[in-house]
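Worksheet for the structure shown next.
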Amino acid sequence: MADFDISGKYAIAGIGETDVGKLPGRTVHALHVEAMAKAIDDAGIDKTEIDGILTNQPTNDMFRSYANYLASLIHVQPTFATDLSLGGATPVAMAQVAAMAVASGMCETVMCVHGRNSATERDEPARAKIRNGSEDFELPFNLLSAPARHAAVARRHMHEFGTTSEQLAAIAVGARRHASMNTNATMRKPITIEDHQNSRWIVKPLHLLDCCLVSDGGGAFIVTSAAKAKSLKQRPVYITGMGQHHYRNSLMEHDPLTTGGGAVSSRRAFAMAGCAPQDMDFAQIYDCFTMTTLITLEDYGYCEKGEGGAWVQDGRIELGGELPVNTHGGLLSQAHIEGMLHVTEAVKQLRGGQVEPERQVPDAELGVVSGHGGSFHTHATLVLSNREA
Amino acid sequence: MSSTLPVGKIIIDSDAIEFWEKVRGKNLSLQKCSDCEQFRYPPRPYCAECLSDSYEWVPVSGKGTVYTFVVYEHAFKPELKEALPYVAVLVELPEGVRVWSNLINFGDHESVRIGMPVELTYDEVGEEMVFRFEPAS
């Protein structure tokens, strides 16, 4: 039983088609851009009105987010984006998900696009590994690895705002403290600021202890209606706020370099939830690197841009502090399951009584979860509540 | 002039053929949109700003400034161990784009600074030709 009748409320307003057949010398990306340009022109809108994008993956390549790659090719920054993959059913599914996305309020104008160069793809290089999309202009210079890309952002943040490595250490120390109380965490031995500073350099200015773990593991969650959730055995945790903002797919085109999609994404999520960042009882922040946590907290409005270094000091982001961050130990000290366990940990905290007592945030009612893809390329925010509507 | 810093993988699809041909000819160039006159990088057939597919190649001035940089102390591939520490640099070009490259022919990597003026050089390592940057003289 639907919450509201979606039928007839959303419509297709523009279409684009390229030539077809054998189109040698054109990459699959060029074909997508041509189709998008034609659809924008057909609809008579400005390209900046596109705030949602849905696509499939190219047939001989693998992208972390092809939707964000395409958005970056036309310099738009959507507040809703995902790749869908249902084979030949995908374009139809794009129309369905687009309607749902607009219905949710997460976006208003969704570009749905697919192209292929299967007739000539033998002539194009196939790349085995999942990529952001800018690697062809990074790998020749041995710019490889997520630590390096995040280190580049960290260096710029330190230059613009005076942020120090010692300030980043507080984030690592806090995550490790929480992991030490978590029986399902990988790194449980507490560390000090000195331990962080003495840990070896990976890519300057990041130390080993600034970097996330590499892990095996899995996590899952089930979403249903509030009514059904109430009829089941666990205390429901309600999704009250949702936001996304996808910044770009490449640091070469990030401007400024010291932020990502978190500001817009969180603003939209908090607005939908009808609350402020300061109302949160905890924050499970995607922490692939300490600098990621710092920049996300700034972008989420916990402090001004550039003040993150000072803000995370003195236990403020630890259990017992103003905003416990990553009560499970995060990617830095629990495990890297791509942020899935940030969601499940948030749920446990809001249910109450499902984590080790010393790790329970007392009387928790509201929590925020952040997701970060690539190197500040994609971003998503979820606000959760255990309060009944 | 050849440095000892290895060249990583160069993958060239149809959108990048002209670009790398110019690099091989020691003539690094950027696409300039014929409609809105913006330079763009990485190379691509469509202007991301105005979606035009008309462009011309313009050789770069050869000057740049360090926008950010990183110093590799860990080898992410075994063949890079010998090259440590090496520097990957994001250079801001006066044309208005930023390009990833390496900084070479500098003395001490502690001397590398954001805002440092750099100039373009070409580095032939084995069979491959790449563009790199060195401190401006």
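Just so you know, the sequences run in chain order P and V.
The letter at position 153 of the first sequence is residue 161 when you use our numbering, and the numbering goes up by one with no holes.
The letter at position 97 of the second sequence is residue 1527 when you use our numbering, and the numbering goes up by one with no holes.
Cβ atoms here follow ideal geometry from the backbone N, Cα and C, with glycine treated the same way.
If you're wondering where the values come from, they're calculated on a predicted model, not measured in any experiment.
Per DSSP, the beta-bridge partners of residue 120 (chain P) are P:62. For residue 212 (chain P), the nearest CB of chain V lies under 8 Å from its own CB, placing it at the interface with that chain. With respect to residue 1437 (chain V), residue 1549 (chain V) sits apart: the two C-beta atoms are not nearer than 8 Å. In this structure residue 289 (chain P) is in contact with residue 374 (chain P), their Cβ atoms being roughly 6 Å apart against a cut-off of 8 Å. Collapsing the DSSP output to three states places residue 318 (chain P) in a helix. For the beta strand (DSSP E) assignment, the uninterrupted runs of no fewer than 3 residues enclosed by the segment 1432-1509 of chain V are, from N- to C-terminal side, 1459-1463, 1485-1489 and 1493-1502. Counting along the chain, no beta strand (DSSP E) covers residue 370 (chain P), and no H or E run does either.
Cβ proximity to chain V below 7 Å picks out 132, 133, 135, 142, 144, 145, 146, 147, 148, 149, 150, 151, 152, 153, 156, 159 and 160 from the segment 129-161 of chain P. Fewer than three pairs of CB atoms, one per stretch, sit closer than 8 Å, so the segment 117-137 of chain P makes no contact with the segment 173-187 of chain P. Excluding the 5 residues flanking it on each side, residue 165 (chain P) has same chain C-beta neighbours closer than 6 Å at 171 and 266, in chain order. Short of 6 Å from the beta carbon of residue 1463 (chain V), and not among the five residues preceding or following it, lie these beta carbons of its own chain, in chain order: 1477, 1482 and 1485.
The Cβ neighbour count for residue 299 (chain P), taken over all protein chains shown within 10 Å, is at least 16; the residue is labelled buried. With respect to residue 1490 (chain V), residue 1525 (chain V) sits close: the two C-beta atoms are nearer than 8 Å. When CB distances to chain P are screened at a threshold of 7 Å, the residues of the segment 1476-1507 of chain V falling below it are 1476, 1478, 1479, 1481, 1498, 1499, 1500, 1501, 1502, 1503, 1504 and 1506, in chain order. Counting only residues of its own chain and dropping the five nearest sequence neighbours on each side, residue 368 (chain P) has no CB closer than 6 Å to any other CB.
Residue 320 (chain P) and residue 252 (chain P) have their alpha carbons spaced roughly 24 Å apart.
In the three-state scheme derived from DSSP, where H, G and I count as helix and E and B as strand, residue 1562 (chain V) is classed as strand. Excluding its 5 nearest sequence neighbours in each direction, residue 37 (chain P) has C-beta neighbours in its own chain below 7 Å: 81, listed in chain order. Within chain P, the residues placing a beta-carbon under 9 Å from that of residue 1560 (chain V) are 148 and 149, ordered along the chain. Look at residue 35 (chain P): its C-beta is under 8 Å from a C-beta on chain V. In the DSSP assignment, residue 155 (chain P) falls within the alpha helix (DSSP H) that extends over 154-169.
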